[in-house]
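First comes the structure, then the notes that go with it.
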Amino acid sequence: MLTAFSHWVLALVQPGLPGRLSAHMVAASRRATLPISQINSDSRATAEYFDYLLGRNQQETTTDCPSIVVGGGRIGSMLLDFGSRRGFDDILIKRGDPIPADHPGPIYICTQTADLEAVIAQCPVEKKDDLVFLQDGQLEPLFARYGLYGPTQASLWLAQMRVGGKPVDGTTAEAPEGLTTVHGKWAGSLAMRLGTGNMACHERMQRDARRSMLEKLVFVSAYNLVGSVYGGITVGEVASKHGEEVGYICRELASFIRYTLAVSLFSGLDERLAAYATHMEFLPTKLTDFEFRNGYFYKYSKMAGVRVNPAGIKVDVPDTTPTHTEYLRLARENEVISQGLLDSV
Numbered sequence: 598m599l600t601a602f603s604h605w606v607l608a609l610v611q612p613g614l615p616g617r618l619s620a621h622m623v624a625a626s627r628r629a630t631l632p633i634s635q636i637n638s639d640s641r642a643t644a645e646y647f648d649y650l651l652g653r654n655q656q657e658t659t660t661d662c663p664s665i666v667v668g669g670g671r672i673g674s675m676l677l678d679f680g681s682r683r684g685f686d687d688i689l690i691k692r693g694d695p696i697p698a699d700h701p702g703p704i705y706i707c708t709q710t711a712d713l714e715a716v717i718a719q720c721p722v723e724k725k726d727d728l729v730f731l732q733d734g735q736l737e738p739l740f741a742r743y744g745l746y747g748p749t750q751a752s753l754w755l756a757q758m759r760v761g762g763k764p765v766d767g768t769t770a771e772a773p774e775g776l777t778t779v780h781g782k783w784a785g786s787l788a789m790r791l792g793t794g795n796m797a798c799h800e801r802m803q804r805d806a807r808r809s810m811l812e813k814l815v816f817v818s819a820y821n822l823v824g825s826v827y828g829g830i831t832v833g834e835v836a837s838k839h840g841e842e843v844g845y846i847c848r849e850l851a852s853f854i855r856y857t858l859a860v861s862l863f864s865g866l867d868e869r870l871a872a873y874a875t876h877m878e879f880l881p882t883k884l885t886d887f888e889f890r891n892g893y894f895y896k897y898s899k900m901a902g903v904r905v906n907p908a909g910i911k912v913d914v915p916d917t918t919p920t921h922t923e924y925l926r927l928a929r930e931n932e933v934i935s936q937g938l939l940d941s942v
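Heads up: the sequence shown is residues 598 to 942, going by the working numbering.
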C-alpha cells in the first residue's frame, strides 16, 4: 500500500443549495486542497490484460442454462421469466431454503444487499464459485471477508419497477449500446439470458467491468443523496433541477476512487450519468444499503482530523470527499438518515 498526494482544485458552487450548505462546501473545499489517499492496487487487471495480449483466455465461455435464482423479487422474477422463455426449469430459492450442492448451473443472487452474507453462508463450499452478484454498491470488502476471489459480478444499468413488469434498459444517447456489464465465470450465461429479454449486457474483462461497477456506485450514491436531501425527488428531477450539484459530487467520488483504488473511470462521466438519470427519470431516490454505497465513502471521511504518526508527528488529514460529507450531514439534520446510521460504518 502506498500513500499518494493529489491536488484537487474545487470550484465554488452556485447559490441555491439547501439550508446552509453553500458556505460549508466552500469551507470544505479549502480543507480538501491536499487530500491524503490510500491506493489499493489490484494486480488482476494487469494479469488479465497480458493474457489478452498473449491470446490466453483462462475463462471458459458459458451459455445460458438451467440456473438457481435466489430471491423472487423484481430482478429474480425477471431472470426466471427469461429462463422460462428458453425452456429452462430454473430453481427458485427463497429465504432460508438450502442451495443444492449438486446443481451444475449459476446461482443468481437477487436479494437485497443486506442479505448477501446470509446467502454466502448458506451456500455449499463447492458452489461458491457459481455465485453471481447483481447488487449495486461496493461489494469488494465483502468478497475479501469471505475469500471470494473474482466471483461473477454484474453491474445492472436497467430498471424493473414491479414483479412481472416490463424491464427498461439503460440505453441512452450517450450510451446507445447499453451500460450493463458482467465479468466472471458465468458472464456469458447472464449476458445470453438478459439478451432473451432484449436487455443489453456486455461481457468485459475484470478491469473494465470493475470500472462499470464503480461508476454505478458513484451514480447511486450521488443521485440518491442529492435527491433525498431535496425531499425524495426522482433521479430525473435531480438531473434537471440540481445537475450542477450532483455532477460536482459525482466528480468528487470519482476522484476518491481514482486515488484510493487506482481506478480511473471512463471519460464523459457527467454526461453519461445525467443521460441515464434522464432516461430513468421515474426512479425514486432513497438512501438505502448505506454500508455498501454512501457509507463506503463516509467511512474514509471519518478518518479526517489531526492524527499522530508512528514518528510522533501530527498530521492534519483532510476529508477526501467533503461535499459528500456535508450533504450527508444535511440529510441527518433533515432526519432523512440517523446519526446512528452514520456511526455504523
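From the three backbone atoms N, C-alpha and C, an ideal C-beta is built for every residue, glycine too.
The structure displayed is predicted, hence computed values, not measured ones.
Ends of the beta strand (DSSP E) at residue i?
{"i": "residue 751", "result": "749-752"}
{"i": "residue 899", "result": "Run containing residue 899: none; DSSP gives neither H nor E here."}
{"i": "residue 914", "result": "911-914"}
Would you check if the distance between the CB atom of residue i and the CB atom of residue j is smaller than 8 Å?
{"i": "residue 870", "j": "residue 816", "result": "yes"}
{"i": "residue 760", "j": "residue 671", "result": "yes"}
{"i": "residue 733", "j": "residue 813", "result": "yes"}
{"i": "residue 729", "j": "residue 751", "result": "yes"}
{"i": "residue 892", "j": "residue 942", "result": "yes"}
{"i": "residue 696", "j": "residue 704", "result": "yes"}
{"i": "residue 747", "j": "residue 803", "result": "yes"}
{"i": "residue 855", "j": "residue 861", "result": "yes"}
{"i": "residue 882", "j": "residue 831", "result": "yes"}
{"i": "residue 928", "j": "residue 874", "result": "no"}
{"i": "residue 806", "j": "residue 779", "result": "yes"}
{"i": "residue 943", "j": "residue 769", "result": "Because the chain here runs from 598 to 942, residue 943 falls outside it and cannot be looked at."}
{"i": "residue 895", "j": "residue 826", "result": "no"}
{"i": "residue 771", "j": "residue 851", "result": "no"}
{"i": "residue 794", "j": "residue 675", "result": "yes"}
Compare the Cα-Cα distances from residue i to each of the options and report the closest residue.
{"i": "residue 846", "options": "788, 922, 680", "result": "922"}
{"i": "residue 912", "options": "755, 904, 834", "result": "904"}
{"i": "residue 939", "options": "885, 859, 668", "result": "885"}
{"i": "residue 718", "options": "909, 788, 740, 768", "result": "740"}
{"i": "residue 710", "options": "685, 723, 667", "result": "667"}
{"i": "residue 702", "options": "888, 881, 664", "result": "664"}
{"i": "residue 673", "options": "827, 841, 762, 779", "result": "762"}
{"i": "residue 920", "options": "853, 743, 756", "result": "853"}
{"i": "residue 880", "options": "735, 766, 726, 690", "result": "766"}
{"i": "residue 749", "options": "900, 659, 876, 915", "result": "659"}
{"i": "residue 686", "options": "700, 692, 694", "result": "700"}
{"i": "residue 791", "options": "677, 906, 914", "result": "677"}
{"i": "residue 821", "options": "772, 798, 897, 887", "result": "887"}
{"i": "residue 669", "options": "662, 694, 857", "result": "694"}
What are the residues that DSSP puts in a beta bridge with residue i?
{"i": "residue 881", "result": "831"}
{"i": "residue 705", "result": "666, 729"}
{"i": "residue 690", "result": "667"}
{"i": "residue 905", "result": "911"}
Kindly indicate the opening and closing residues of the alpha helix (DSSP H) around residue i.
{"i": "residue 717", "result": "713-719"}
{"i": "residue 722", "result": "Per DSSP, residue 722 belongs to no alpha helix (DSSP H) and is neither H nor E."}
{"i": "residue 940", "result": "936-940"}
{"i": "residue 823", "result": "803-826"}
{"i": "residue 683", "result": "That residue, residue 683, is in no alpha helix (DSSP H); it is neither H nor E in DSSP."}
{"i": "residue 919", "result": "919-930"}
{"i": "residue 864", "result": "Unbroken run through residue 864: none, as it is neither H nor E."}
{"i": "residue 843", "result": "840-858"}
Please tell me whether residue i has its Cβ less than 8 Å away from any Cβ of chain D.
{"i": "residue 683", "result": "Among the chains in the structure shown there is no chain D, since it carries only a single protein chain."}
Quiz item: Along the chain, which unbroken stretches of the alpha helix (DSSP H) at least 4 residues long are found entirely within the stretch 735-793?
Solution: 737-742, 784-793
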